[in-house]
Each structure stands twice: as structure tokens, then as C-alpha cells.
Amino acid sequence: MQNVITQNRGLGFGDLIASRNRTNTATDAVHAKIEVRNFSFYYGKFKAINAVTMDIPANRVTAIIGPSGCGKSTMLRAINRMHDSTIGAYGEGVLRIDGENVYGEDVDSVLLRRTVGMVFQRPNPFQLSIFDNVAYGLRVLGMRNKRELEQRVEESLRRAALWDEVKDRLHKSYGTALSGGQQQRLCIARAIATSPEVILMDEPCSALDPIASLKVEELIDSLRNQFTIVMVTHNMQQAARVSDITAFMLMNRETRAGELIEIDDTDKLFTNPEDKRTEDYISGQFG
Amino acid sequence: MKPSTNYRWRKLVDRVMRGATVAATGCAVIPLVAIIAYVIALGGSAMSVSFFTDVYQPPDLPTQNDELINEEVPFNPDDPFANLEMPAPESTDGALAGESAESQAVANAYAAGPRGGVLHGILGTLMITGIGLLMALPIGIFAGVYLSEYRNERLATIVRFSSDVLSGSPSIVAGVVIYVLVVLQTEQFTAIAGSMALAILMVPIVTRTTEEMLKLVPEAMREAARGLGAPTWYSTFTVVLPTALPGIVTGVMLAFARGAGETAPLILTVLGSNVITMSMFEPMAALPLLTYRYTESPYIGENTLAWGAAFVLVVLVLIVNILVRLATRRVGVTR
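Here it is as C-alpha cells:
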């Protein structure tokens with residue numbers, strides 16, 4: 312049995328990774344954009360994640376993988392304090408972006424989210440025109456100049472590889488009238504329009520068909536050197552294809568709190584994981 | 007398989023129960039159908055051009071007794087009733103017997119068809135209800151936003167409960183409150199007081215509809231706006247409210263329909279009028295008031311006008327309901 316696992320180790324992820332022309336690894340990363348130190352998160356009395364410590368490098372794609380309920384979404388949303396409106400939810404420990412503690416007392420979560428953009432699991436464009444969707448964040452920031460707005464919207468839609476598909480109906484079509492994949496790329500365009508430094512993606516492809524997913528993946532690939540991207544995904548192949556760094560989280564069976572098992576360069580984690588549990592998970596032994 | 011007795015019994019019970027529900031539904035619909043049929047049949051006969059273009063016209067009574075009315079009667083404040091004796095009733099028997107031409111004219115006036123119209127009532131209803139709605143809208147919508155977007159605060163629970171109590175309370179209560187607080191203070195029946203009373207009745211409808219419609223807006227929309235660094239008030243006004251707009255419009259129109267049909271609060275605040283008044287600070291006519299007054303009238307013609315006024319009210323509410331349907335058919339969150 313052990314033999315079989317060894318043979319199947321990584322389910323051929325090695326080939327997948329080798330086929331990609333990888334240039335980025337954690338070791339050549341400039342600095343840690345996000346530092347997580349002994350960070351725990353609670354929903355009331357329930358501890359959802361326990362003592363996570365990791366560094367997320369700048370201008371790289373970091374994937375968080377793990378089975379359902381391991382706290383990976385909670386971890387992601389803790390980074391821009393999306394939990395603030397949830398009653399009884401609070402974080403403990405240190406979570407720093409560029410050395411500044413996100414959970415510090417004088418941090419304004421509204422301002423924080425202007426630095427840390429977010430893309431959600433289900434595409435959630437506003438019921439506004441395509442243009443107004445992308446311009447939304449810019450208008451929040453107070454941009455009123457029409458020409459400037461047009462320029463930024465076009466630039467964002469081009470970077471999101473959506474411009475050619477929607478340029479003729481920017482004002483005519485609702486964002487909600489697009490197809491699922493287009494909606495998700497619109498949401499990404501909306502998120503990058505304000506030039507955030509970090510973009511959080513919560514299973515950005517799980518509601519999309521394979522072709523739409525591929526387009527979104529290509530888009531993430533094209534953004535990799537401009538933003539610090541943290542994505543949660545259920546799809547291990549996707550993590551292997553898209554990310555530079557992968558973190559594996561797992562729920563502790565006794566405390567039911569999510570814990571970080573391992574974080575490493577994606578190729579290393581998928582081909583030569585240090586922890587037995589990581590190996591079991593990526594080889595499909597459970598989860 | 008051969009149907010057993012058990013099966014037949016089951017079928018029978020099913021039919022009886024079904025029949026009972028159909029019968030009960032019929033009983034529930036009968037009053038509605040009867041009302042509409044009655045109003046159309048009797049109100050329809052009042053319809054004419056002058057009904058919509060004219061205001062109140064007094065009955066065509068003979069004017070021979072004018073000198074009685076115009077006669078100078080010295081008023082004695084110590085004994086106000088001293089000179090208020092009725093004229094000698096000698097001619098009354100004659101009038102009943104139809105002896106003189108004068109009494110015949112009086113009898114004709116009682117039996118005559120409708121004179122004049124209800125234009126003053128239509129304008130009055132639109133103005134009183136419209137101004138009332140303008141008062142209720144900002145309060146109702148802001149309260150609805152509060153209940154929906156800040157729903158976890160304790161005050162929200164209290165407001166929600168009070169709002170339900172208010173929408174269930176009898177409309178005369180709103181009339182009495184405004185009567186005491188406004189009419190008695192200003193010593194004047196005014197249209198604006200009526201608008202206030204109607205606003206009290208409309209606020210809970212607008213509040214609860216707004217709340218319910220806002221709750222239907224997916225949480226993902228709010229999250230998206232929050233994720234872009236938008237403060238709650240900004241996302242509420244740019245994303246949440248516009249998405250829920252068709253549903254809110256429904257509530258607003260239903261509130262208008264409710265207000266337009268209210269009678270009791272208007273009796274205590276607006277009083278009524280026989281002419282077109284454009285000032286909100288005077289008594290004013292309204293369709294429900296005309297229906298009420300004319301129904302009590304001894305003149306047959308005015309009774310017909312009452313049916314006509316009721317007919318116009320029903321049509322007004324119907325139009326509002328159709329507009330609601332059209333408004334909610336558009337894209338967006340609806341009921």
C-alpha cells in the first residue's frame with residue numbers, strides 16, 4: 312500500500328508543474344507581504360482556526376488548499392477583515408500586511424479593504440451597467456473625472472481579458488446579464504480597478520464551467536507579478552497550475568479547529584511534501 | 007388491483023374536503039364580487055362629463071323662503087336660542103299632501119338625479135394622500151433601511167414591533183391623535199392635518215415593505231461592495247436600494263392605495279369641503295368623505311354621487327395595483 316502511494320505521489324502533479332514555465336518561487340520572493348504569526352480566529356466560543364503562522368510573499372500567487380471545513384476561507388477572509396460584520400467573530404494573534412497589524416486598534420477596516428481587494432466564490436456583479444460595476448471602487452475612492460474613469464475602466468477590463476467581449480455595451484448591458492465566466496472576470500476587473508496591493512480570491516472558479524475556469528486561471532496567471540494574490544481552492548490541479556506557493560490546512564479532529572499543516576513552494580509541496588497528511592491529501596487518500 | 011372499501015372511503019373524504027375548500031373560497035370571493043358589481047352598477051350611472059369636471063351643486067330647492075333666512079335676527083349672547091324658533095309648521099301638511107306648487111318642487115328636489123360632480127373630491131384625495139405619502143416616504147424608507155441593514159441592533163427589534171403594532175391599529179386612532187395634536191392646537195381643520203394622519207398610517211407599510219425587499223437583496227452584493235472598501239451607507243444607497251427598488255415601489259403604491267381609501271381619520275382632520283381648495287391649510291374635500299356624506303344625504307341625486315365617488319376610489323386603487331404589477335415586472339428583486 313505504501314508503495315502505491317509513493318508511486319502515485321502527487322498524482323502526476325510533477326509533470327503538470329514541469330510543463331509550466333515557472334519563474335517564481337518563494338525563495339526568490341522579495342519580501343513577505345503578509346505575515347501571519349500564531350493567528351487564531353473565533354466565531355463566538357468556537358475556534359475556527361488555530362495558531363496559523365505563515366509568510367505570504369509579495370507579487371506571487373499563494374494557494375490555500377484543504378478539505379471542507381478546514382478553515383481556509385476563514386483564513387482568507389480574516390486578511391481583509393470581512394468577518395467584521397459577523398457578530399462574535401474575532402481574530403487573535405498577529406496578521407500583518409507590510410508590517411502593519413491588520414487587527415490593530417487604529418486600523419479602519421474600510422480603508423484596509425481598499426488595499427486588499429476580494430473576488431468571491433460566486434460571481435457577484437452589481438445590478439448596474441458593466442461600466443458602473445468596474446467604476447464602483449473608483450467612485451468609492453472619490454474619482455469623479457469622467458475621462459479618468461473611462462481610462463481606468465478600459466484598462467481594468469483589458470487586464471481582465473474582458474474588454475473585447477463587452478466594449479460595445481459598456482453602458483447598455485447590466486453586469487448581471489453576462490455569462491458566469493464573464494461575470495467572474497468582471498468581478499476581477501472590478502477588484503483590480505482600484506489597484507489594490509493584495510487580491511483575495513475565495514474559490515474563484517468553483518461556480519464556473521471548465522472553459523470559463525481556464526480563462527480565469529489564465530487571467531490570474533497574467534496578474535501574478537503585479538499583485539499579491541491569495542486564493543482558496545478545492546481544486547488541487549488548479550492550485551498546482553496557478554500558484555507559486557501552496558499552503559495546506561486541515562481540521563484538527565479533536566478541537567475541530569483548522570490548522571496549517573505545511574506551506575511551501577508549490578512544486579515541492581506537490582512532489583515532495585514533508586508532512587504525511589499533506590501527502591495523503593494530495594494523493595487522494597482522504598478529503 | 008380491485009379498489010378496496012378503504013380506497014373508496016379515502017376518495018370520498020378527499021372529495022368532501024376538496025368541496026369544502028372550494029365552497030369556503032367561494033364564500034370569501036362573494037363579498038368582493040358583490041362590492042365590485044354594486045359599485046360598478048350604481049356608480050356607473052353617476053358617470054358623466056360633469057361628474058369629473060364639476061364640484062358640489064346644492065339641490066334645486068325653491069327659494070321663496072329666502073327672506074326667512076335673510077331676516078335680521080338679533081343675537082342675544084345670554085340666551086343664544088331665544089330667536090331660533092322654527093317657522094310655523096302650517097304648510098308642512100300641505101307639502102306632504104303635495105298640494106302647493108312649492109311643496110311639489112321640494113319633493114322634486116329630493117327625487118332629482120345627480121347634480122354637479124366630485125372634481126373637488128378627486129383633487130382633494132390626490133393632494134391629501136400625495137402630501138401624506140411625501141411625508142411618509144423618507145421616514146418609511148430610512149426606517150426600513152435601518153431595520154434591514156442594521157438588523158442586529160436591539161433598537162431594530164423594538165422599532166419592528168412598534169411598526170407592526172402601528173400597521174395593525176385602527177385608522178381612527180391616527181385621526182384622533184392628529185385631531186388632538188394638530189387640529190385642536192391650530193383651531194382649524196386643515197388638509198395638511200389629514201395628510202399627517204394618513205402619513206402615520208402609511209409609514210409602517212413603507213417601512214416593512216422596504217425592510218422585506220432589502221432583505222431579499224443577496225448578501226453577496228453587500229460583501230462585494232464591502233470588499234471594494236465601500237462604507238455601509240454608500241453601498242446601501244448605490245447597490246442595495248437600487249436593486250430592491252421595484253419591490254419598494256410596490257410598497258409605496260400600496261401605501262398610497264391604503265391612504266386614498268381612509269375615511270375615519272379624514273373626518274377628524276380634513277372635515278370636507280364643497281369647493282375646490284388649493285390651500286393645504288384649509289378644510290378640503292376627499293373622495294371617501296364625499297362617499298360618506300352623500301350616502302347619508304336625503305337627496306337621491308347625492309346618493310348616486312356617493313356611489314360615483316366610491317366607483318372612482320375603486321378604480322383609483324385598481325389603477326395603482328396595475329401600476330404595481332407593471333413596476334414589479336421589471337428586472338430586480340420582487341416579491
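Here the protein sequences line up with chains R and Z, keeping their order. Sequential numbering from 312 applies to the first sequence in my numbering. Sequential numbering from 7 applies to the second sequence in my numbering. A virtual CB, placed ideally from N, CA and C, is assigned to each residue, including glycine. The structure presented is a predicted model; accordingly, all values stated were derived computationally and were not measured.
Would the beta-carbon of glycine 235 of chain Z fall within 8 Å of that of arginine 424 of chain R? In the second sequence, the residue the question calls residue 235 of chain Z occupies position 229. In the first sequence, the residue the question calls residue 424 of chain R occupies position 113. Cβ atoms of glycine 235 of chain Z and arginine 424 of chain R: closer than 8 Å.
Would you say methionine 227 of chain Z lies against chain R (beta-carbon separation less than 8 Å)? Here residue 227 of chain Z refers to the residue found at position 221 of the second sequence. Answer yes: the Cβ-Cβ gap between methionine 227 of chain Z and chain R drops below 8 Å somewhere.
Candidates Z:Ala149, Z:Asn158 and Z:Phe262: closest to leucine 324 of chain Z by CA position: As a first step, residue 324 of chain Z is located in the second sequence; it is residue number 318 there, counting from the start. The shortest C-alpha separation from leucine 324 of chain Z is found at Z:Phe262.
Kindly say whether phenylalanine 437 of chain R, judged by its beta-carbon, lies nearer than 8 Å to any beta-carbon of chain Z. In the first sequence, counting from the first residue as 1, residue 437 of chain R sits at position 126. Interface residue, yes.
Roughly how many angstroms separate the alpha carbons of arginine 455 of chain R and threonine 544 of chain R, rounded to a whole number? Residue mapping note: residue 455 of chain R aligns to position 144 of the first sequence, counting from 1. Residue mapping note: residue 544 of chain R aligns to position 233 of the first sequence, counting from 1. C-alpha separation (whole angstroms): 36 Å.
Looking only at its own chain, which residues have a Cβ that is under 8 Å from the Cβ of glycine 448 of chain R, when we skip the five neighbours before and after it? Within the first sequence, residue 448 of chain R is the residue found at index 137, counting from 1. For glycine 448 of chain R, where only same-chain residues beyond five positions count, the Cβ hits under 8 Å are Arg425, Gly428, Arg501, Ala502, Ala504 and Thr505.
Contact check, proline 271 of chain Z vs isoleucine 178 of chain Z under 8 Å by CB: the rounded distance? Here residue 271 of chain Z refers to the residue found at position 265 when the second sequence is read from its first residue. Here residue 178 of chain Z refers to the residue found at position 172 when the second sequence is read from its first residue. Their Cβ separation, rounded to whole angstroms, is 7 Å, which keeps proline 271 of chain Z and isoleucine 178 of chain Z in contact under 8 Å.
Alpha carbon to alpha carbon, how far is glutamate 155 of chain Z from phenylalanine 195 of chain Z? Give it in angstroms, no decimals. As a working note, residue 195 of chain Z is residue 189 in the second sequence. As a working note, residue 155 of chain Z is residue 149 in the second sequence. Whole-angstrom Cα-Cα distance: 39 Å.
So leucine 580 of chain R packs on threonine 589 of chain R, CB below 8 Å; how close in whole Å? Residue 580 of chain R sits at position 269 when you count from the first residue of the first sequence. Residue 589 of chain R sits at position 278 when you count from the first residue of the first sequence. Yes, they are in contact, since the Cβ atoms of leucine 580 of chain R and threonine 589 of chain R sit about 7 Å apart, within 8 Å.
Could you name the residues that DSSP lists as bridge partners for proline 368 of chain R? Indexing the first sequence from 1 puts residue 368 of chain R at position 57. Per DSSP, R:Ala343.
Can you confirm whether alanine 162 of chain Z, when its beta carbon is compared against all beta carbons of chain R, has any partner nearer than 8 Å? Here residue 162 of chain Z refers to the residue found at position 156 when the second sequence is read from its first residue. For alanine 162 of chain Z, the answer is no, since every Cβ of chain R falls outside 8 Å of its Cβ.
Looking at the structure shown, is asparagine 114 of chain Z part of a helix, part of a strand, or coil, going by DSSP? Translated into the one-based positions of the second sequence, residue 114 of chain Z becomes position 108. Of the three classes helix, strand and coil, the one that applies to asparagine 114 of chain Z here is helix, per DSSP.
Distance between beta carbons of threonine 539 of chain R and valine 509 of chain R, contact taken as under 8 Å: What you label residue 509 of chain R is simply residue 198 of the first sequence in a count that begins at 1. What you label residue 539 of chain R is simply residue 228 of the first sequence in a count that begins at 1. Right, their Cβ atoms sit about 5 Å apart.
Locate the beta strand (DSSP E) running through isoleucine 556 of chain R, then write down its first and last residues. For the purposes of this step, residue 556 of chain R is taken as residue 245 along the first sequence, with counting starting at 1. Isoleucine 556 of chain R -> beta strand (DSSP E) spans 556-562.
Which of the residues in the region 277-294 of chain Z, read from start to end, lie with their CB under 7 Å from any CB of chain R? none
Please specify which runs of the beta strand (DSSP E), each continuous and at least 3 residues long, are wholly inside the region 373-437 of chain R, giving them in chain order. 400-408 and 427-430
Mind the definition here: the region 396-408 of chain R touches the region 569-577 of chain R only if three or more C-beta pairs lie below 8 Å; say whether that holds. no
Spatial neighbours of leucine 452 of chain R within its chain, please: CB distance less than 8 Å, with the 5 preceding and 5 following residues excluded, ordered by chain position. Looking up residue 452 of chain R in the first sequence gives position 141. Excluding sequence neighbours, leucine 452 of chain R sits near Arg425 and Thr505.
Give a yes or no on whether 8 Å exceeds the smallest Cβ distance from leucine 125 of chain Z to chain R. Indexing the second sequence from 1 puts residue 125 of chain Z at position 119. Output row for leucine 125 of chain Z: interface = no.
For the region 420-431 of chain R, which residues have a CB atom closer than 9 Å to at least one CB atom of chain Z, in sequence order? Ser420, Val421, Leu422, Leu423, Arg424, Arg425, Thr426, Val427, Gly428, Met429, Val430 and Phe431
Please check the pair glycine 257 of chain Z and isoleucine 211 of chain Z, which I expect to be a contact at CB under 8 Å, by giving their CB distance rounded to whole angstroms. Here residue 257 of chain Z is taken as the residue at index 251 of the second sequence, counted from 1. Here residue 211 of chain Z is taken as the residue at index 205 of the second sequence, counted from 1. With 8 Å as the limit, glycine 257 of chain Z and isoleucine 211 of chain Z qualify as a contact, their Cβ atoms being about 6 Å apart.
Quick check on valine 22 of chain Z: does DSSP put it in helix, strand or coil? Walking along the second sequence from the start, residue 22 of chain Z turns up at place 16. Of the three classes helix, strand and coil, the one that applies to valine 22 of chain Z here is helix, per DSSP.
Host alpha helix (DSSP H) of aspartate 575 of chain R (start-end): By 1-based counting over the first sequence, the position of residue 575 of chain R is 264. Element bounds for aspartate 575 of chain R: not the alpha helix (DSSP H) but the beta strand (DSSP E), 569-576.
Against chain R, does valine 330 of chain Z count as a neighbour if the rule is that its beta carbon must be under 8 Å from one of theirs? As a working mapping, residue 330 of chain Z is identified with position 324 in the second sequence. False, the Cβ-Cβ gap to chain R never drops below 8 Å.
Any chain Z beta carbon closer than 8 Å to threonine 385 of chain R: Numbered from 1 along the first sequence, position 74 holds the residue referred to as residue 385 of chain R. Judged by the 8 Å Cβ criterion, threonine 385 of chain R is not in contact with chain Z.
Assuming histidine 342 of chain R and alanine 369 of chain R make a contact with CB atoms under 8 Å, what is their CB distance in whole Å? What you label residue 342 of chain R is simply residue 31 of the first sequence in a count that begins at 1. What you label residue 369 of chain R is simply residue 58 of the first sequence in a count that begins at 1. Right, the Cβ-Cβ distance comes to about 6 Å (below 8 Å), so this counts as a contact.
Within its chain, find whatever has a CB closer than 8 Å to the CB of tyrosine 116 of chain Z; leave out the 5 residues flanking it on each side and keep chain order. In the second sequence, the residue the question calls residue 116 of chain Z occupies position 110. Hits under 8 Å: Pro65, Pro304, Tyr305 and Ile306.
For a test of the three-state rule: what should DSSP assign to asparagine 456 of chain R, helix, strand or coil? Translated into positions along the first sequence, residue 456 of chain R becomes position 145. Asparagine 456 of chain R: coil per DSSP, three-state reduction.
Give me whichever residues DSSP pairs with isoleucine 540 of chain R in a beta bridge. Translated into the one-based positions of the first sequence, residue 540 of chain R becomes position 229. Isoleucine 540 of chain R is bridged to R:Val372 and R:Ile510.
Taking 8 Å as the CB-CB cut-off, is valine 255 of chain Z touching chain R? Stepping through the second sequence from its first residue, residue 255 of chain Z is reached at position 249. Cβ-Cβ to chain R under 8 Å: no for valine 255 of chain Z.
Measure the beta-carbon distance from alanine 359 of chain R to glycine 382 of chain R and round it to whole angstroms, keeping in mind my assumption that it falls under 8 Å. Working through the first sequence from its first residue, we reach residue 359 of chain R at position 48. Working through the first sequence from its first residue, we reach residue 382 of chain R at position 71. Indeed, because the Cβ distance is near 5 Å, the residues count as touching under 8 Å.
So for valine 182 of chain Z, helix, strand or coil by DSSP? Working through the second sequence from its first residue, we reach residue 182 of chain Z at position 176. It is helical.
Residues from the region 443-472 of chain R in contact with chain Z, defined by Cβ distance under 7 Å: Tyr447, Gly448 and Val451
Report the three-state DSSP secondary structure of valine 276 of chain Z (helix, strand or coil). Numbered from 1 along the second sequence, position 270 holds the residue referred to as residue 276 of chain Z. Looking at valine 276 of chain Z - three-state DSSP - the assignment turns out to be coil, as it is neither helix nor strand.
Go through its chain and collect everything with a Cβ distance to alanine 681 of chain R's Cβ below 6 Å, but skip five positions before and after it. Past the boundaries of the shown model lies residue 681 of chain R; chain R is included only from 312 to 598, so the question cannot be answered.
Listed by chain order, chain R residues near methionine 240 of chain Z by CB distance under 8 Å: Position 234 of the second sequence holds residue 240 of chain Z. A quick correction: the sequence has tyrosine, not methionine, at residue 240 of chain Z. Chain R residues near tyrosine 240 of chain Z: Val451.
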